[in-house]
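The structure under discussion appears below in the form of structure tokens.
Residue numbers (my numbering): 2 to 313.
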């Protein structure tokens, strides 16, 4: 626990007082801010850099009940060489799968430097006993996961049992061993931006390496005002503690325009230190295809049809 917050978690009442004492979020101001930043015009060289940077930040994801080892291997091949016709195209940051398929992804990505991310803790609902959640994490890590994407207990958070949520994240972090921990807040269920700020600080104080917006299974998922609040939280947390935490918006980010808006938001809110796959990720499946089509347009001068990229 960082020294400035050593007493914050001594009791649930103390934790509540701290979290509810955080500065309130001006929702209208947040919406106006992202609207203004969203009008920034990014062209030519800057756009090419943004597209390559966004590709390198993608957690290429498949989280369906129908997932098979074959689909995961196909996704891993795309992760390694997103554009088979252009070896200069960067690889993605990670492939994100269910924990039981982490071993398949690990084998398919061996030697590439691309991470395997696995969802755990009874994803996406988070409704299971702590023992089951921790077993889920350990199983995914044993299978080869480099990163664990856990979901918080939103019921506990919304009912004010902040210390329960904190203790569970701490336990999951310990179960991760050397694997990095991304903490999914499921912001679409938190309702207010004030709640998003509180959940962000809670997850960071508990040791999360990343805070993530959503499972992608709830609407609304990643929105720019939510991402703004989370970026402000990681910026302020580093200023207070010296520890840097990453941010991962996930769900609903499908176009290059969406990705570029997020990169502008990162630069203008948290700063250039976060413009790296080490500190910012996109949880996405369809986004990569649009990035590739836009990249090809910059390189060749014309648009390719949607059949030019693989359907995941």
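Glycine included, every Cβ here is placed at the ideal spot set by N, Cα and C.
Values in this document were obtained by computation on a predicted structure and should not be read as measured data.
Where residue 101 and residue 63 are concerned, what is the direct C-alpha to C-alpha distance, given to the nearest angstrom? Taking the chain shown and counting its residues from 1, one reaches residue 101 at position 100. Taking the chain shown and counting its residues from 1, one reaches residue 63 at position 62. Looking at the two C-alpha atoms, the distance is approximately 13 Å.
Where residue 1 falls, given that 16 or more other Cβ within 10 Å makes a residue buried: Past the boundaries of the shown model lies residue 1; the chain is included only from 2 to 313, so the question cannot be answered.
Going along the chain, which residues of its own chain have a beta-carbon closer than 6 Å to the beta-carbon of residue 5, five neighbours each way excluded? For this step, residue 5 is matched to residue 4 along the chain shown. If we look at residue 5 and ignore the five residues flanking it on each side, its Cβ neighbours are 241.
Note the first and the last residue of the continuous alpha helix (DSSP H) segment covering residue 259. Counting from 1 along the chain shown, the entry for residue 259 is found at position 258. DSSP places residue 259 in the uninterrupted alpha helix (DSSP H) bounded by 257–270.
Report the rounded CA-to-CA distance for residue 45 versus residue 36, giving the unit in angstroms. Taking the chain shown and counting its residues from 1, one reaches residue 45 at position 44. Taking the chain shown and counting its residues from 1, one reaches residue 36 at position 35. For residue 45 and residue 36, the distance between alpha carbons rounds to 22 Å.
Per DSSP, which one or two residues make a beta bridge with residue 163? Stepping through the chain shown from its first residue, residue 163 is reached at position 162. Partner residues in a beta bridge of residue 163, as assigned by DSSP, do not exist.
Excluding the five sequence neighbours on either side, which residues of its own chain have a C-beta within less than 7 Å of the C-beta of residue 29, listed in chain order? Reading the chain shown from its first residue, position 28 is the one you call residue 29. Excluding residues within five positions, none has a Cβ falling inside 7 Å.
Given this structure, state the Cα-to-Cα distance separating residue 296 from residue 79, to the nearest angstrom. If you number the chain shown from 1, residue 296 lands on position 295. If you number the chain shown from 1, residue 79 lands on position 78. Cα to Cα, the separation comes out at about 16 Å.
Measure the alpha-carbon distance for residue 91 versus residue 289 and round it to whole angstroms. Translated into positions along the chain shown, residue 91 becomes position 90. Translated into positions along the chain shown, residue 289 becomes position 288. Distance between the alpha carbons of residue 91 and residue 289: 11 Å.
Alpha carbon of residue 266 to alpha carbon of residue 108, nearest angstrom: Start at 1 with the first residue of the chain shown, and residue 266 comes out as number 265. Start at 1 with the first residue of the chain shown, and residue 108 comes out as number 107. When rounded, the distance between both Cα atoms is 35 Å.
Buried versus exposed, by CB contacts within 10 Å (16 or more), residue 21: Within the chain shown, residue 21 is the residue found at index 20, counting from 1. The residue in question, residue 21, is exposed, as its Cβ has fewer than 16 Cβ neighbours within 10 Å.
Do residue 182 and residue 140 have their C-beta atoms within less than 7 Å of each other? For the purposes of this step, residue 182 is taken as the residue at position 181 of the chain shown. For the purposes of this step, residue 140 is taken as the residue at position 139 of the chain shown. No.
On a Cα-Cα basis, can you pick out the residue from 119, 169 and 155 that is closest to residue 148? Position 147 of the chain shown holds residue 148. Closest by alpha carbon: 119.
For residue 134, count neighbouring Cβ atoms within 10 angstroms of its own Cβ and tell me buried if that reaches 16, exposed if not. Locating residue 134 in the chain shown gives position 133, counting from the first residue. It is buried - the Cβ of residue 134 has at least 16 other Cβ atoms within 10 Å.
Simplified DSSP assignment, three categories, for residue 185: Looking up residue 185 in the chain shown gives position 184. Strand.
Check this for me: beta carbons of residue 176 and residue 235, under 7 Å apart or not? Position 175 of the chain shown, counting from 1, holds the residue named residue 176. Position 234 of the chain shown, counting from 1, holds the residue named residue 235. No, these two residues do not count as a Cβ contact at 7 Å.
Would you report the Cα separation of residue 131 and residue 226, rounded to the nearest angstrom? Position 130 of the chain shown, counted from the start, is the residue given in the question as residue 131. Position 225 of the chain shown, counted from the start, is the residue given in the question as residue 226. C-alpha separation (whole angstroms): 32 Å.
Of the residues 237, 203, 251 and 220, the one placed nearest residue 213, counting alpha carbons only: As a working mapping, residue 213 is identified with position 212 in the chain shown. Nearest option by C-alpha distance: 251.
Where does the unbroken beta strand (DSSP E) through residue 219 begin, and where does it stop? As a working note, residue 219 is residue 218 in the chain shown. In the DSSP annotation of this structure, residue 219 is not part of any beta strand (DSSP E), being labelled neither H nor E.
Excluding the 5 residues flanking residue 55 on each side, which residues of the same chain have their C-beta closer than 6 Å to its C-beta? Position 54 of the chain shown, counted from the start, is the residue given in the question as residue 55. Excluding sequence neighbours, residue 55 sits near 260 and 292.
Between residue 218 and residue 125, how many whole angstroms is the CB-CB distance? I'm expecting something under 8 Å. Taking the chain shown and counting its residues from 1, one reaches residue 218 at position 217. Taking the chain shown and counting its residues from 1, one reaches residue 125 at position 124. So it is a contact: roughly 4 Å between Cβ atoms.
Nearest-angstrom Cα separation, counted from residue 247 out to residue 85: As a position in the chain shown, residue 85 is number 84, starting the count at 1. As a position in the chain shown, residue 247 is number 246, starting the count at 1. Approximately 30 Å between the Cα atoms of the pair.
Report all residues from its chain with a CB closer than 7 Å to the CB of residue 215; omit the five preceding and five following residues, and keep chain order. One-based indexing of the chain shown puts residue 215 at position 214. Answer for residue 215: 185, 187, 188, 189, 222, 223, 251 and 252, listed in chain order.
Can you tell me where the beta strand (DSSP E) holding residue 148 begins and where it ends? Start at 1 with the first residue of the chain shown, and residue 148 comes out as number 147. It spans 148–152 - the beta strand (DSSP E) in which residue 148 sits, taken as one unbroken run.
Can you tell me the Cα-Cα spacing of residue 232 and residue 276, whole angstroms? Start at 1 with the first residue of the chain shown, and residue 232 comes out as number 231. Start at 1 with the first residue of the chain shown, and residue 276 comes out as number 275. Between the alpha carbons of residue 232 and residue 276 lies a distance of about 12 Å.
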